[in-house]
Amino acid sequence: KDSTFIISLLYYLGILTLNGETEIGELRFCIPNLVVRKLYVQRIFEMFLPIDSERAEIRQFAKHFYQTGDLQPVCDFMEQRYFKVFDNRDYVLADELMIKTAFLTVLFDDVFYIMDSETEFERRYADLTMIVRPERRQTPLNSFVIEFKYLKLSDVKLSGEQVRQLTVSELKALAVVKQKLTESENQLRDYQTRLKSKYGDVLQLQLISVVAVGFERVVWQKV
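The opening residue of the sequence shown carries number 1 in our numbering; numbering runs sequentially from there.
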């Protein structure tokens, strides 16, 4: 079934709740219960990474990211292991939501962070915010706003094999990738202003742009 059918079914079953509208009038839905959200994330995490050692490895990469803002080990893991569970049929439905969900499952930690997906900033929505909990703000943990972008292989006019052969610098130099990174940076700057007005200077806030090219490669940069 398509995503519209699945969303309608989950709404009917009470698993999703209505959360207003987008700027163009589309309905928005969210998971109403934080406990349910955590269970969802954990279940997806275990489904895509069934081997305990893999889950332990990516958790170490995530903890490294929390303290340093270095997302490269996570991106490498995504390319080499996580995205391997997807096949050609998954490309049909591939979009930014799939990429965001994948990263959310490996970065999720509701002990250290107030985790929120689609945080509203005056009718604009950040893809993922990770705000350090008040009782943890004296630790080396950083807070994050992360924006995700997705490009099809046809957007970059390259095959999967060609994309895999490119260096990170070569990927970032592609015109469409640069465009997505710039678009993401503009959004993140706006969210930063709004978060600063809410929290002041108490957060060690980092802004992160992530661009996936198919299920082959992921590039990122701090803003």
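Where a beta carbon is used, it is the ideal one built from N, C-alpha and C, also for glycine.
Please report the straight-line C-alpha distance between residue i and residue j, rounded to a whole angstrom.
i	j	result
L104	M115	9 Å
L207	L97	19 Å
R81	S117	24 Å
D127	Q187	10 Å
D70	H64	7 Å
Q179	D76	22 Å
S53	V74	15 Å
Y12	T129	For Y12, the predicted structure reports a pLDDT of 48, less than 50, and the residue's modelled location is therefore unreliable. A value from the coordinates is still provided. Computed Cα separation, rounded: 28 Å.
V218	G20	31 Å
F83	Q67	25 Å
Residue i lies in the alpha helix (DSSP H); which residues open and close that run?
i	result
S159	That residue, S159, is in no alpha helix (DSSP H); it is neither H nor E in DSSP.
R59	D52 to T68
R189	A175 to Y199
A94	From DSSP, A94 is part of no alpha helix (DSSP H); its letter is neither H nor E.
V74	Q72 to Q80
Report buried or exposed for residue i, applying the criterion of at least 16 other Cβ atoms within 10 angstroms of its Cβ.
i	result
Q165	exposed
L18	exposed
K196	exposed
A175	exposed
Going by alpha carbons, who is nearest to residue i out of the options?
i	options	result
Q138	L203, F215 and D76	L203
I99	K222, V223, Q221 and V211	V211
N142	K222, R194 and D76	K222
V177	Q67, L158 and P134	L158
I131	F86, W220, Q72 and D109	D109
L153	R133, E21 and Q162	Q162
E135	Y113, F148, I146 and Y150	Y113
D155	T167, E147, I146 and L171	L171
Any heavy atom of the ligand ATP closer than 8 Å to the CB of residue i?
i	result
A173	In the structure on display, the ligand ATP does not appear, and there are no ligands present to speak of.
### Query
What residue ranges within the stretch 127 to 156 form continuous alpha helix (DSSP H) runs of no fewer than 4 residues, ordered along the chain?
153 to 156
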